[in-house]
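K.L.:
Handing you a structure now.
There are 4 protein chains.
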Amino acid sequence: MAMVCVSDFEAYAKKYLPKIAWDYFAAGADDCTTRDENILAYKRIRFRPRMLRDVSVMDIRTKILGSEISFPVGIAPTGFHQLAWPDGEKSTARAARAMGTCYIASTYSTCTLEEISAAAPGGLRWFQLYIHRNRAVSQQLVQRAEALGFQGLVLTADLPYTGKRRDDVRNSFRLPPHMKLKNLEGAFEVCKMSLLDPSVTWNDIYWLRSLTRLPIIIKGILTREDAELAVKHGVQGIIVSNHGGRQLDEGPATIDALVEVVEAVQGRVEVYVDGGIRKGSDVLKALALGAKCVFIGRPALWGLAYKGEEGLQNVLRILQDEFRLSMALAGCASVSEIGPHLVQPSKL
Amino acid sequence: MAMVCVSDFEAYAKKYLPKIAWDYFAAGADDCTTRDENILAYKRIRFRPRMLRDVSVMDIRTKILGSEISFPVGIAPTGFHQLAWPDGEKSTARAARAMGTCYIASTYSTCTLEEISAAAPGGLRWFQLYIHRNRAVSQQLVQRAEALGFQGLVLTADLPYTGKRRDDVRNSFRLPPHMKLKNLEGAFEVCKMSLLDPSVTWNDIYWLRSLTRLPIIIKGILTREDAELAVKHGVQGIIVSNHGGRQLDEGPATIDALVEVVEAVQGRVEVYVDGGIRKGSDVLKALALGAKCVFIGRPALWGLAYKGEEGLQNVLRILQDEFRLSMALAGCASVSEIGPHLVQPSKL
Amino acid sequence: MAMVCVSDFEAYAKKYLPKIAWDYFAAGADDCTTRDENILAYKRIRFRPRMLRDVSVMDIRTKILGSEISFPVGIAPTGFHQLAWPDGEKSTARAARAMGTCYIASTYSTCTLEEISAAAPGGLRWFQLYIHRNRAVSQQLVQRAEALGFQGLVLTADLPYTGKRRDDVRNSFRLPPHMKLKNLEGAFEVCKMSLLDPSVTWNDIYWLRSLTRLPIIIKGILTREDAELAVKHGVQGIIVSNHGGRQLDEGPATIDALVEVVEAVQGRVEVYVDGGIRKGSDVLKALALGAKCVFIGRPALWGLAYKGEEGLQNVLRILQDEFRLSMALAGCASVSEIGPHLVQPSKL
Amino acid sequence: MAMVCVSDFEAYAKKYLPKIAWDYFAAGADDCTTRDENILAYKRIRFRPRMLRDVSVMDIRTKILGSEISFPVGIAPTGFHQLAWPDGEKSTARAARAMGTCYIASTYSTCTLEEISAAAPGGLRWFQLYIHRNRAVSQQLVQRAEALGFQGLVLTADLPYTGKRRDDVRNSFRLPPHMKLKNLEGAFEVCKMSLLDPSVTWNDIYWLRSLTRLPIIIKGILTREDAELAVKHGVQGIIVSNHGGRQLDEGPATIDALVEVVEAVQGRVEVYVDGGIRKGSDVLKALALGAKCVFIGRPALWGLAYKGEEGLQNVLRILQDEFRLSMALAGCASVSEIGPHLVQPSKL
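Residue numbers (the UniProt record's numbering), protein chains in the order written: chain A, 1 to 348; chain B, 1 to 348; chain C, 1 to 348; chain D, 1 to 348.
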């Protein structure tokens, strides 16, 4: 079977992953409305393509927080990569570096931060953090990440408790015994997420700031009010995200929320978006609506499930090629030419 | 099969109830458009969830007409509970009390009010009333309910005649011979609903008021005009309801009508809503749009059909857990923090 | 099988009519979009039902052009009733009279006007007319109808040529040899519709007026501009119609066009509507939006196909009962209480 | 099987063409959203038909750039007609001439321009041009076309690179060895589309103008901005087109873009449209919204696939008959009576 588009990798993963792993990655909260809306909302946006512009030399590079990436698609933080491929996050790190983009490693990785760093020295990586009841655990993680050369700290804001994912409940999902949340070993018993602290507030940003010189990116913002608070509390970036539709169901699609957040932020910090990216043209839409870069979650896992590092590179290369082509067909030769004039507002 | 969400109980009931009973509970008027719209209208509402609020201590209690309930979900009045479970309304009363919430017992119960009261002494209960051509029947019911400690009187306003439910006609639905409308025995022949009085008007509220000191809640209001009339005639509460889509088909979904009624009432009386509640997040939406509490009809019957009192408790507990989680994920630690800022208006 | 609603008769007719007859009656032009939209447009309209009104005594009678009918549903002109039932239009005439309503007999009847009159003396009937190239044919028909006691003349305005109904082309539809367009025998060869005159204009209304004292009702109006012209040319009534979606496909649904026509006419003439009526509540919607009466086409044919006169009475009685019930549930005790306050505008 | 409407030819072609050829003609970019939207957008437009106008004498002729055509439907440029029928573009040319309409021959024809001209001397033809990196190739083609009597030059603006058509990738589509891009033989290796020049800009219009006295029509415009630029750079006509949904997916449907382009152009040049035309009533809608003429792509190929020249004539005749009938049923006797009053704006 030819792997032509990202959906081909999804079909492959659905067919070949163990059901419990597929279900875990695919899961959305409740009725999965938001998970699916993330995708449908992109389809409602129409381009306004411009013709007869010189697109013979294409430049699709961009910068996020000062670091250049080869194209504006990074790897979103997702947990348990060994469920998709034996080498887990090590493969992810290698693929991201090979493709010249940024990988946000999850707290819930099945490899240690040290293993991830050693697997792909010099790669651009950020570290994703949950704040635990035991703040010492979080502090230690932040400091390990900084010491290992991670260049950004991504605080997930939308998981005071875990969303209700029906299939995971039905499957009694838990990690297979041979996999570990290696970054948390010793800190507490594996898979007890209730050790996350639901009392975290905006003031904890100041505490984080006191621990590290890394830029802080907040992930999970969906409203202009929270975007304003994020700027006010000094973050360097915002990832508009609904956790892939896995937390509160029936919130907004991320591409719809992006518009509101970008408008509130007014360029004071960088804004990124994840959720629902399946084609290069989705990336173009997100950038047209103000995102500096997008991050992919499930598509990266499907790539891993297909062929590990190589499979993820395939996925990234498809998105890269599609993004470049979409730009050209819309009349843009470089990322700086992308703007809101390229899209019509959704009619729905 | 794991019972994870309310739909699981629906699937169970559809599979195991006698067809004639399932059809009766499931029935909507005519094309069942309104029955189904009650659910679809919730799906069209999008949350605006807020992040990084302290949701470590959750308080989901509320009060209706001064009585505290453990969470804002009560049992709507539905008839013929013995069709779902042998103990009928006695099981319903026990489950409601066990879960600390309010049960509105129907005139068309298959247990007497006395049996219901005895089954769960001390539970918070309201009594649902139709006004009969023979007013003495209604008067006697009201006075029995008051004497038994029922704490509210719910007058159903939307059934001057019974709606046309095609499946009931096809099935020639009637109660099995061993079940009785026990509260009406002697008053008139069983199942002759035509004894309901279609000449009832707003002035009959004054007559009801003269019979009892109980608060009067009017059920079946769908417009601002009628909400205004209800307040003017001195009711203490309004249940926005379309009788589960069983009366006039193609009226508004209740959650849509709620907005209009709440706006008209301006806080002068409490407003509740029933119809279409299937998830804890639906409860959150209803409260965000101004309902003080919601009532569930068919989901309660599915719970009964599953395991009687225990099954209904399961359903209530699922809604309770989902409601608490939705609140937390939307950034609310107590019911008092819920407000219209939590939702976007429907795009359809 | 119990015949509970109009759709049951449709299912029966589809099962038992010869395919060529079913296809002919069911046919819409081109993609049948307008045929289906006629129905869908009703479903998009929402009621605003009012409660606690005295609906113990229901009066569903109305008057059209001064004649009382038992409820506001008449029989629209459709051709070839013998395709549905051996007695053809004689059965139709009997059923309409038995139910106390108006029957518009088609030029393309398979019984003569004389047979129709003799079958149901005293029934309220209008005659539907196409204007033929040979005006003497039309003149003779008008004068026969008037002499036979028909009380209105319905001029069809939307058929300068016959619409393209794909199934009729595929089936090479023509009347079976034993059926005749009896009102046109001798006038020209049967089934040559091209003898209709496509040069007819508004001035021909004056010519018609010169032939008869009967009120003239124009059928097929869909815009405010044409409604204005109809009033200006002295018609007594307008039937908003798109010929059941059989002429120009992708014009407006009739219930949507009704609003525009009623607004233009401002009560100067009576306005009726046909197309898409399947339930009593559809009748209520049409009246709420300003129609004085509705006419049913295909449902009448399905009734005939079921059991001739008796079957059509069944259909009419179902619509009558449903209309009365819908009125009561919406809070109206008589037709005069129906008004635009009963409906919300469509959201689509 | 009777060939009653254009969809019948589509079904035939899907059944009888080799899969690789069907897939090539059917292909849309990415998810094929725009390809399908081209059709759906027509269905969202509603007519406002007018009655009782004299439509006994119908005149459906029009003129494009001064040349009369028998009805406003021409043949859009599509490649590789030998994939559909052995005689390829020669059959196309003959059918177009027989039907009295315009054929836009593609650069990617499988017959030479000379063969096309010889097949149907005197037919109205335009030549479609891509600008190649080697400008001499383009210059030679333009001058050959002009010498052969082609009367217009259609510059395709939306293909700096070829869109991503997944099925073509999966099928590794390429021309069978016995077919050639005959107009380009010698110029460069067959099927190397990368020889198209992605650096073309509006200034190249001036270069084209310097080569030929033929009117220049630009194809692929979708925005008011580009329409304004086209007028400013001196083109004589604009074809609103999205290349049948084969280039940038999720741009606007052409009938939606037409409105914007017509408004911008204000009659300064002629505007045409292609994409999604399947019925005569679609042609009427396009003209009502300001198109001077429409062009059909895939329907022409389906006609060829059915029976070559004769099959394409069948398709054109069906569209002609349907267009004439739609006009009459909408109340227009000649093309000059068609205008925006005939349609309602889309509700979606």
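Note that beta-carbon positions come from the ideal geometry of N, C-alpha and C, so glycine has one too.
1) Can you say whether residue 327 of chain D is buried or exposed, counting buried as having 16 or more other CB atoms within 10 angstroms of its CB?
2) Does chain D have any CB closer than 9 Å to the CB of residue 99 of chain A?
3) Just the Cα atoms here: how many angstroms apart are residue 21 of chain D and residue 300 of chain D?
4) Using beta-carbon positions only, say whether residue 138 of chain B and residue 129 of chain B come within less than 9 Å of one another.
5) Which runs of the alpha helix (DSSP H) spanning at least 4 residues fall entirely within the segment 14-44 of chain D, listed in chain order?
6) Using the Cα positions of residue 209 of chain B and residue 216 of chain B, report the straight-line distance between them to the nearest angstrom.
7) Whole-angstrom Cβ separation of residue 258 of chain C and residue 290 of chain C, contact assumed at under 8 Å?
8) Taking the beta strand (DSSP E) that residue 126 of chain A belongs to, which residues open and close that run?
9) Would you say residue 322 of chain D lies against chain C (beta-carbon separation less than 9 Å)?
10) Where residue 7 of chain A and residue 330 of chain C are concerned, what is the direct C-alpha to C-alpha distance, given to the nearest angstrom?
11) According to DSSP, is residue 103 of chain D helix, strand or coil?
12) Looking at chain B, is there any beta carbon in it that lies within less than 9 Å of the beta carbon of residue 138 of chain A?
13) Under three-state DSSP, which class holds residue 236 of chain A?
14) Can the beta-carbon of residue 52 of chain D be found less than 9 Å from the beta-carbon of residue 226 of chain C?
15) Any idea which residues DSSP pairs residue 211 of chain B with across the strands?
16) When you compare only the Cα positions, how much space is there between residue 260 of chain A and residue 314 of chain B?
17) Is any beta-carbon of chain D found at less than 9 Å from that of residue 202 of chain C?
18) Just the Cα atoms here: how many angstroms apart are residue 115 of chain C and residue 123 of chain C?
19) For the alpha helix (DSSP H) containing residue 155 of chain D, name the first residue and the last one.
20) Taking the beta carbon of residue 213 of chain B as the centre, do at least 16 other beta carbons fall within 10 Å, making it buried, or is it exposed?
21) To which residues of the same chain is residue 190 of chain B closer than 8 Å at the C-beta, ignoring the five residues directly before and after it?
22) Use the C-beta contact count for residue 3 of chain B: other C-beta atoms within 10 angstroms, 16 or more gives buried, fewer gives exposed.
23) Between which two residues does the alpha helix (DSSP H) holding residue 308 of chain B run?
24) Anything in chain D within Cβ reach of residue 164 of chain C, meaning under 7 Å, just list it in chain order.
25) Below 7 Å CB to CB, which residues in the same chain sit around residue 105 of chain C once its five sequence neighbours on both sides are set aside?
26) Starting from residue 251 of chain B, find everything on chain C with Cβ-Cβ shorter than 9 Å and list it in chain order.
27) At the 9 Å Cβ level, is residue 135 of chain D part of the contact set with chain A, yes or no?
28) Can you check whether the C-beta of residue 82 of chain B is within less than 9 Å of a C-beta belonging to chain A?
29) From this set, B:342, B:321, B:337, B:23, which residue's C-alpha is nearest residue 171 of chain B's C-alpha?
30) Just how far apart, CA to CA, sit residue 94 of chain D and residue 229 of chain D?
31) Using a Cβ-Cβ cut-off of 8 Å (strictly less than) and excluding sequence neighbours within five positions of residue 168 of chain B, which residues of its own chain qualify?
32) Quick one: using the 10 Å Cβ neighbour count with 16 as the cut-off for buried, is residue 201 of chain D buried or exposed?
33) What in chain A is Cβ-close to residue 196 of chain B, meaning under 8 Å?
34) With a threshold of 9 Å between beta-carbons, can residue 146 of chain C be considered close to chain D, or not?
35) Who are the neighbours of residue 27 of chain A on chain D, taking C-beta pairs under 7 Å?
P.N.:
Put simply:
1) Label assigned to residue 327 of chain D: buried.
2) Output row for residue 99 of chain A: interface = no.
3) Distance between the alpha carbons of residue 21 of chain D and residue 300 of chain D: 14 Å.
4) Yes, the Cβ-Cβ distance between residue 138 of chain B and residue 129 of chain B is below 9 Å.
5) Fully enclosed alpha helix (DSSP H) runs of 4 or longer: 19-26, 33-43.
6) Our two residues, residue 209 of chain B and residue 216 of chain B, have alpha carbons roughly 8 Å apart in a direct line.
7) Confirmed, about 6 Å.
8) Per DSSP, the unbroken beta strand (DSSP E) holding residue 126 of chain A starts and ends at 125-129.
9) For residue 322 of chain D, the nearest beta carbon of chain C is closer than 9 Å to its own beta carbon.
10) For residue 7 of chain A and residue 330 of chain C, the distance between alpha carbons rounds to 50 Å.
11) It is a strand residue.
12) Answer no: the Cβ-Cβ gap between residue 138 of chain A and chain B never drops below 9 Å.
13) In the structure shown, residue 236 of chain A sits in coil (DSSP, three-state: anything other than H, G, I, E or B).
14) Less than 9 Å separates the beta-carbon of residue 52 of chain D from that of residue 226 of chain C.
15) Answer is none; residue 211 of chain B lacks a bridge partner.
16) Whole-angstrom Cα-Cα distance: 39 Å.
17) Closer than 9 Å: yes.
18) Their backbone Cα atoms lie some 13 Å apart in a straight line.
19) In the DSSP assignment, residue 155 of chain D falls outside any alpha helix (DSSP H) and lies within the beta strand (DSSP E) extending over 153-156.
20) By the 10 Å Cβ count, residue 213 of chain B comes out exposed.
21) Only weak support exists for where residue 190 of chain B lies, its pLDDT of 45 falling under 50; the value from the coordinates is given anyway. Excluding sequence neighbours, residue 190 of chain B sits near 175, 180, 181, 184.
22) Burial call: buried.
23) Membership of residue 308 of chain B in the alpha helix (DSSP H) is indicated by the continuous run 298-330.
24) Chain D residues near residue 164 of chain C: 322, 325.
25) Excluding positions up to five away in sequence, the list reads 77, 89, 113, 116, 125, 127, 128.
26) Correct list: 46, 47, 48, 49, 329, 330.
27) It does not; no Cβ of chain A falls within 9 Å.
28) No, no contact with chain A.
29) That would be B:23, whose Cα lies nearest to the Cα of residue 171 of chain B.
30) Approximately 35 Å, taken between the alpha carbons.
31) 23, 24, 27.
32) Exposed, by the Cβ-count rule.
33) Within 8 Å Cβ-Cβ: nothing; residue 196 of chain B doesn't reach chain A, min ~37 Å.
34) For residue 146 of chain C, not one C-beta of chain D is nearer than 9 Å to its own C-beta.
35) Under the 7 Å cutoff, chain D gives no residues; its nearest Cβ is about 24 Å from residue 27 of chain A.
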